[in-house]
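When we follow my numbering, the leftmost residue of the sequence shown carries the number 91, and every step to the right adds one.
Encoded as structure tokens, the structure appears first; notes follow it.
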Amino acid sequence: MKSFLTIRAQLLALVAAFALPMIAIFAYTVFDDARHQVEEAKAMARTLAVIAASDVDRVLKNNRDLLVQMSKRPIIRQVDGRKCDQILWDFRQLFPRSANMTVIDLKGTAVCSAVPQPGGKPVSIARSPWFPRTMVEDGLVVSDPFYGPITGRWVTVLTYPIRDDMGRKTGYLGLPLDLALYEPNLSNAPLQPDTVVGVVTAKGVIVWRNLDTEKWVGKDLSGNEQVRRVLEVKDGEIEATGADGISRFYSVTPIQGSGWYAFVGIPTKTTYGELREALMRNAVLGSLSLLFILGVAWMIARRITRPVGALASVARAIRIGRQDARAELAGPPEIREVAQEFNEMLDVRLRTEAALRASEASLSEALRITRLGYWEYEAGSDELVLNDQYFSLHHATVEQFGGYRLHPEDFARRWVHPEDAHLVEEHIRQALHAHDPDFMAQTEVRILCPDGSARWISVSFKIEKDPQGVTTRLIGAAQDITERKHAEHAQQRLNRALKLLSDCNTTLVHAVEENKLLDDICRLVVESGGYRMAWVGYAEHDEGKSVRTVAQYGDEQDYLDGLELSWADIEIGRGPTGTAIRTGLTDINQDYASNPRAALWRETALAHGYRSSIGLPLNGKKHVLGALTIYSSETGAFEREEVKLLEEMANDLAYGIETLRTRAEHEAAERKLEFLAHHDILTGLPNRVLLRDRFEQAIAQADRDHSGVAMLFLDLDNFKQVNDTLGHNFGDQLLVKVVERLRGCLRDSDTISRQGGDEFIVLLPHLSDLGAIGGIAQHIVEVFTDPFEIDNYSLNTSFSVGISLYPLDSREFDTLLRDADTALYQAKDSGRNTYRFFSEKMNIDAQEQLHLQGQLRNALNNREFLLHFQPQVDIGGERIVGVEALVRWQHPELGLIPPGRFIPLAERSGLIIPIGEWVLQEACRQAQAWREQGHALAMAVNLSALQFKRGTLVDTVTRVLHQTGLPAELLELELTESILLQDIDIAIRTLHSLKDMGVKLSIDDFGTGYSSLTYLKRLAVDKLKIDQSFVRDLTEDADSAAIVRAIIQLGHTMQLKVIAEGVEKDEQLAFLRNYGCDEVQGYLYSRPVPAVEFVKLLERGGMT
């Protein structure tokens, strides 16, 4: 299209086209800014008005709440002027900012006030302008502002009705508030100068105004046009001139519940003044910018037109034959570029030829650098033809190849890797049979070098056909890609190792059992990692520092069979596995065939297809746990980056192993703690906590089945003596064997619980038949008649059993336990080795025993004990040769109490020691008195186990004999077998000390305890006393008779005297005399009698 405008004119037109839209945009921007500034001013006014209204509303609500609370006060509700002044006065002291709160009756009389009324009399406010509204309206009433005559301030009055219990109005509470209290809190608001903030009533009375507050507050501006417009808006914005003549943007917001409005006015002069300044400033800047652009456009147009005209002049000169003419290189870059191109047109051919020569040289150099080898296959001669560059791919010479021409079969056999040799013939055959004339192919093969090493090449080729379409030649090129293949292979192995690490970490996260974890890791190493075999061995800390196989996976796993490994610094410990464990560092064997350290395992490893291996230590927190050993079918398989990942995997595995072990230890500890919380640590039996739970289950089932539950309290008789004599280890072993035997007496559903020491609780559910329960208890008693064999000791023991029944005796666990305990003590008091059912009488007896035990402490001080004496008679001459002192308790209320009732109490409470010393002292005194009267009799005194165990027996006997003057040979101490078994060595020393003093010793109740002939030989005793339980039945029970005969024979064999107690019948006496018993004692001759009556026996010289 032809243009008639010059370049200068077009450029100026372009500037104008650009400037006019900019001017329009500028004008719109100024207008939009003005609109936004006005909107922002109105929004600011609205925000401030809302804040002011909220502040005033909060003041009204707070005071309303205060009036509501005060109106509920009982004294206020009475509307009694005699009572409410004080409470209003107190209110004013608490809220000094509030004015005089007043109680007003229904007639408008102020009956109460926070301040005294003028003249001291009630004031009527019925005529106040705000009071009629109060009487008509319900709830809070806010009055219009008025000038307070008392305060001298402008105030409003808030009134609220007072109601009685029926909800009827009885009066009103009035609270005048200073208008200053309605001042909004706008101290942090960014107020512009002359901004007005105020509160106005619906009638146009100013409640508060920030500017000239004293001037405006309380004024009625209802006639003011501007105020009228504000009140008409009620809730919104207007632009108006205020009462002070200033134009403002006003925002009005109603104040809820008061009929007032908050208003804010922001002067318009500020907003419009800023707009005018911005408009003037932008207009000046726009005009200057436009003038500047026009001037620049003029100068640019001039610079463009001058060189263009010069270039046109040169073109005209060349056209008329001036070939040496050249354009001047001046003007803008584009014009200079055109001139330069114009000047070089004559030299185009020369430059083209030079560039072509340079291109050919570059191509030749590129071929040399890229080491491309060219080859051809001639179908007619079936030969490969190679160029010089191709031989460098094999790192060989033409001489080593035997020339430039080779037969394909010979080439493949000598210079191609055996695994890829078949590709040569296959690709040639494929090309020869290709129908497409544009057929091309590419492949990658491994070629061989003269030194036997292999390299990778990429081969590309195409075919050539003759006019008949027969393939006559293949033309191809080959390029060395060895480094790329190695990098790809290394990357593949690295990716494989990364995947292996990821899979192993996933397995570690979900592992819960150590052996399963190790099996999974070995499997992943082979399946995900692509290795041939993997196994984990743990370091054993035995003498040979052996390595124990704990997991393995992969081909040829029998490789480890019979393989002797160690982590010691010896030959079998210097492989990757042993070295890794010993040093804590990774050990790599990159080639089994050439590594001298692998010689010991080379043959076996190569036979299994292993070419390299790596030993990765499993480093724990404190020591090396073992090693993870991995085998590969490739030599040099473990490169640096891959090894780092494998080491990270091994470290994660070691951490996982220790974590699982720690977790297992914690779980085992928690299980043990849980077990110990509910079981006895020695026997594994349930403790009282678990017993109580079993009890609750049993009684729940019993209630459903209408059956019962039996609770058996078992106490192992004489266990303390075994424990003290043979040691706690024997005692513990005995308890374990006792539990084993006890389990055999019970059902699977029964519960055995150890309560501590030698006490057990047996819970029998689903039982209510007393016969069945008694049968179980009797079976327990009978089973324990057989002795226990522990470390060549034969220990006899028995159970005393107390039984309580659910629900017969009680429905409470603790009560049943206490009842069974009470029955247990009854069984013990009945001779032990038996059982008793609980009865209420037992409970009464138990309480009586507790009562007696309390009185027993004062019996010694009150001289309530006395001695009875029973004669010991020589069976041959039937004469009194000795006497046994037996203690009695002369209770002031209960009379004479036999020893069977209070001696067990004394032993349990420890009072047996002072009682025993009193008995010894009194018996020796009486014996000495009889001796002085001519009756020298041996005085037999029983000793308790506590007296003997205390360790001061020798000193006590020495002191008593010295104080009484009784010769030691007239004192006979009767000892039970259990006393002698407490500590046999100490017992022997004590007895020998007493024997050295001349004191006679006898063993009481012989045959009922743990007598050992070995110990009996070492004891310095003089006499054996046959227990009355054997004497009582000897004429009727063959076993008892045999025992009596054995004791008599044993005593005589050991040169000891034998005395039988409890002789009551002539038949018993005859039996004892017939078998050579030395002495007898019993009711047949005399029951125990006081000392006075015993003297009569001596004086008569006979028996009663």
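Glycine included, C-beta positions come from ideal geometry on N, C-alpha and C.
Just so we're clear, the structure is a prediction, and the values are computed from it rather than from any experiment.
Beta-carbon contacts of residue i that lie in its chain and below 7 Å, excluding the five residues immediately before and after
i	result
R439	Bear in mind that a pLDDT of 44 at R439, under 50, signals an unreliable position, so the model cannot answer this.
T224	V231, T249 and Y262
L696	Y682 and A683
W505	H484, I537 and L538
W179	A204
A469	L522, T561, T562 and R563
Closest residue to residue i among the options (Cα-Cα distance)
i	options	result
M739	S723, H756 and A717	A717
T667	T199, I704 and L650	I704
L476	V506, I565 and G1000	I565
D805	D911, I880, F728 and E737	D911
D783	N808, L690, F903 and D881	F903
R1040	Q1023, A1077 and L1010	A1077
D234	I215, G349 and A1013	G349
L824	Y883, R901 and M191	Y883
Q787	Y682, L853 and I747	L853
P212	S218, E1189 and C202	C202
L942	Q960, E983, P961 and L956	E983
Y1173	F820, Y1165 and Q1158	Q1158
L1084	D1075, A996 and E1062	E1062
A568	A531, L1124 and R998	A531
Bridge-paired residues (DSSP) for residue i
i	result
L984	BP columns for L984 are empty, so no partner.
H958	L976
K1090	E1062
V231	T249
T192	S203 and G264
I537	V506 and R545
Y925	V891
Y464	A567
V637	A629
N679	S703
N1032	E1064
V289	W298 and A352
L281	DSSP lists no partner for L281.
K1197	Nothing can be reported for residue 1197: it is not among the residues displayed for the chain, which extend from 91 to 1194.
T561	K555
K1155	DSSP, once it has assigned bridges, lists no residue as partnering K1155.
Close-in-space but distant-in-sequence residues of the same chain around residue i (CB under 6 Å, 5 per side omitted)
i	result
Q430	none
A131	F339, I356 and T361
F501	L474
Q1018	T1054, G1055 and L1056
V488	F481
P274	A142 and D145
G1141	L1114 and V1148
V1185	none
D636	Correcting the residue type first, residue 636 is Ser in the shown sequence and not Asp. So the qualifying residues of the chain are E630 and S656.
K48	Here the chain comprises residues numbered 91 to 1194, so residue 48 is not present and cannot be evaluated.
E1059	G1088
Spatial neighbours of residue i in its chain, beta-carbon cut-off 8 Å, leaving aside the 5 residues before and after
i	result
K575	E534 and W546
T343	R136, A139, V140, A142, A143, D325, Y351, A352 and F353
E1183	none
Every unbroken alpha helix (DSSP H) inside the segment 759-820 [4 residues or more]: Listed in chain order, the alpha helix (DSSP H) runs fully inside the segment 759-820 are 778-795 and 809-816, counting runs of at least 4 residues.
The segment 1072-1092 touching the segment 1030-1038, judged by at least three CB pairs closer than 8 Å: Taking one beta carbon from each stretch, the segment 1072-1092 and the segment 1030-1038 have 3 or more pairs nearer than 8 Å; the two touch.
Cβ pair count under 8 Å reaching 3, the segment 643-655 against the segment 610-626: When C-beta atoms of the segment 643-655 are compared with those of the segment 610-626, three or more pairs fall below 8 Å, so the two segments count as touching.
Inter-stretch contact at 8 Å, needing at least 3 Cβ pairs: the segment 1000-1009 / the segment 943-951: The segment 1000-1009 vs the segment 943-951: in contact.
Any alpha helix (DSSP H) of 4 or more consecutive residues that is wholly inside the segment 301-384: The segment 301-384 contains these whole alpha helix (DSSP H) runs: 303-306 and 315-323.
Whole runs of the beta strand (DSSP E) within the segment 866-913, excluding any shorter than 3 residues: Inside the segment 866-913, DSSP marks whole beta strand (DSSP E) runs of 3 or more residues at positions 878-880, 883-885 and 889-896, from first to last along the chain.
Cβ contact check for the segment 827-834 and the segment 786-793: 3 or more pairs under 8 Å: Because the criterion of three Cβ pairs below 8 Å is not met, the segment 827-834 and the segment 786-793 do not touch.
Contiguous alpha helix (DSSP H) assignments of at least 4 residues, all confined to the segment 681-765: Listed in chain order, the complete alpha helix (DSSP H) runs (minimum 4 residues) inside the segment 681-765 are 692-697.
The segment 1010-1025 contacting the segment 914-930, beta-carbon criterion three pairs below 8 Å: In short, these stretches do not touch, since the Cβ pair count stays below three.
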